[in-house]
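Using the working numbering, the first residue of the sequence shown is number 127, and each one after it goes up by one.
Beneath this line is the structure, given in structure tokens, with notes to follow.
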Amino acid sequence: MKIAVAGKGGVGKTTVCAWFADFLSRQGKDVLLIDADSNATLGLALGFSEGQLPVPISEELELINSRVGSGIINLNPKVEDIPERYSVKKENIKLLVLGGIKAAGSGCSCNANAFLKALLAHVVLERDEIILVDLEGGIEHLGRGTVEGMDALIVVSEPTLVSFKTAKNISSMATELGLTKRILIFNKSDKDNFDFNGYGDFDNISFIDYLPDLVKMGMSNPCILDIEQRKICDPIFSDIFKFLNKED
Ligand SMILES: Nc1ncnc2c1ncn2[C@@H]1O[C@H](COP(=O)(O)OP(=O)(O)O)[C@@H](O)[C@H]1O
Ligand SMILES: [Mg+2]
């Protein structure tokens, strides 16, 4: 099962990825987490120290240049060995830190971008674990083939109009690319005080409360798996997992 997690900055994508992976890992499932945000924080959220974390693949220039070549870029570089060589492991979770995938023409390093895209496509299309990809924003930087290989998109939103507008835009883009399972998580929001008119075209909607303990703990400890309160999310992730496993 391959799931992309998208949404506006700061809404809780990394938090949702880490918690969902933790939930699945406690159920005995193997998870490969991909941090595809240029401001990579998923490792810290999982409790790895800075020293334990690998540098993002996007910064492994020697590796990238040796695989992609110089001059004419090899768009099909060898990548199969990368997940095992560069990931770190915690319980049943493996974490691969990619770094951000850039939009074409944004002054990006083309070699690195070609390598990251090939690596992500490989992971999504060939690996057997549950894959969760923590994205920087929307899905527009992923290749079509990669998006087509995804089984579902989770869009995280705060309960604000602006955040929800971004969520709906991302969902529309996913629909155009053929993704049919679009899950909306309203994070930091209390369902009972909810005042939105309609939920867009999402196929599944969940709510995660605003958790003051998370904010309090974040001042001294970036590991969000250290708060017991996270387990109130277990039924939410259980329902989402059931929804994802449902036959179309
Ligand atoms: N349910 C929640 N309740 C309270 N704070 C939250 C909740 N979810 C996330 N946060 C906080 O919001 C901030 C942004 O979360 P993060 O997961 O890093 O967002 P993103 O990856 O989308 O940028 C963090 O400080 C995080 O602790
Ligand atoms: Mg993040």
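Yeah, the Cβ is synthetic: ideal placement off N, Cα and C, and Gly gets one too.
Start and end of the alpha helix (DSSP H) containing residue i?
i	result
alanine 238	236–252
phenylalanine 369	360–371
valine 273	270–275
leucine 258	It is not in any alpha helix (DSSP H) - leucine 258 instead sits in the beta strand (DSSP E) that spans 256–261.
Could you pull out every residue in the same chain whose Cβ sits closer than 6 Å to the Cβ of residue i, ignoring the five residues on either side in sequence?
i	result
lysine 220	Leu158, Ser213
isoleucine 264	The amino acid occupying residue 264 in the given sequence is glycine; isoleucine does not appear at that position. Result list for glycine 264: Ala132, Ile296, in chain order.
alanine 166	Pro182, Val223
proline 348	Leu170
lysine 134	Ser289, Thr292
isoleucine 331	Leu310, Tyr325
Which of the three DSSP states, helix, strand or coil, is assigned to residue i?
i	result
leucine 221	strand
lysine 216	strand
leucine 172	coil
aspartate 207	coil
Which first and last residues belong to the beta strand (DSSP E) in which residue i is found?
i	result
arginine 308	308–312
With a threshold of 8 Å between beta-carbons, can residue i be considered close to chain B, or not?
i	result
methionine 127	Of the chains in the structure shown, none is chain B; there is only one protein chain.
Look at the alpha carbon of residue i and the alpha carbon of residue j, and state the distance between them as a whole number of angstroms.
i	j	result
tyrosine 336	serine 315	6 Å
phenylalanine 363	phenylalanine 149	7 Å
arginine 152	threonine 272	28 Å
valine 282	leucine 310	6 Å
aspartate 163	glycine 169	11 Å
glutamate 255	leucine 340	28 Å
serine 175	lysine 291	35 Å
lysine 128	aspartate 156	12 Å
glutamate 284	aspartate 327	17 Å
methionine 299	glutamate 217	34 Å
With respect to 7 Å, is the separation between the Cβ of residue i and the closest non-hydrogen atom of ligand 2 below this value?
i	result
aspartate 148	no
threonine 292	no
aspartate 260	yes
aspartate 277	no
lysine 139	yes
Just to check, is the beta-carbon of residue i closer than 7 Å to a non-hydrogen atom of ligand 1?
i	result
leucine 337	yes
asparagine 347	no
Excluding the 5 residues flanking residue i on each side, which residues of the same chain have their C-beta closer than 7 Å to its C-beta?
i	result
phenylalanine 146	Leu258, Phe363
asparagine 202	Ala244
Quick one: what's got a C-beta closer than 8 Å to residue i's C-beta in the same chain, skipping five residues either side?
i	result
arginine 270	Leu303
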